[in-house]
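Student: Count along the sequence shown from 1, then add 1; that gives the number in this note's numbering. Even for Gly, the Cβ is constructed at its ideal location relative to N, Cα and C.
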Amino acid sequence: MPQSKAKLIIRLARNSDARAISQLSAKIYGKPNGFTQAEIRGQINNFPEGQFVAEYEGEVVGHCATIVVTSEQALSQHTWSEISGGGFGRPPADDGDILYGIEVCVDPEYRRLRIGERFYRKRQELCQNLELKGIAFGGRMPG
2 MPQSKAKLII RLARNSDARA ISQLSAKIYG KPNGFTQAEI RGQINNFPEG
52 QFVAEYEGEV VGHCATIVVT SEQALSQHTW SEISGGGFGR PPADDGDILY
102 GIEVCVDPEY RRLRIGERFY RKRQELCQNL ELKGIAFGGR MPG
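1) What are the boundary residues of the beta strand (DSSP E) that includes residue 20?
2) Let me know if residue 124 comes out buried or exposed under the rule of 16 or more other beta-carbons within 10 Å of its beta-carbon.
3) Once DSSP output is grouped into helix, strand and coil, what is the label at residue 129?
4) Taking C-alpha atoms, which residue in 32, 23 and 52 lies nearest to residue 39?
5) Please state the DSSP three-state secondary structure of residue 40.
6) What does DSSP give as the partner residues of residue 10 in its beta bridges?
7) Figure out for me which residue from 70, 53 and 68 has the closest Cα to the Cα of residue 62.
Structure below.
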């Protein structure tokens, strides 16, 4: 019996996804607050193994962006813009020991598919594979 292709997959983001991710971000946050394609490409180029998308039947319906920082950076007072490299991400800190989540967004039409939960599992796997101490999260408050 032939195996059917999964409708929903979580995979690493690619530069070719930048437009779709930017459009998704604008849909979630409004155009002025969404990520630009350049910011998405920056995230991918700076730390490719930390950027994920959810794809449903070939369409990007979720985005998850992650960086590696030091414990001191994660736990000290900072703005989202400072820690995220202005939205462009940043190369992993040489002495980084914390996986830091800078973004998770899911198209409202595809919520309830546990996409966010799947992203967090991917982050957990990445944290373990990189032998980091833990995971921290930050959020931005558009508007």
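Tutor: In this structure, then:
1) Residue 20 -> not in any beta strand (DSSP E); alpha helix (DSSP H) instead, spanning 19-30.
2) buried
3) helix
4) 23
5) helix
6) 56
7) 53
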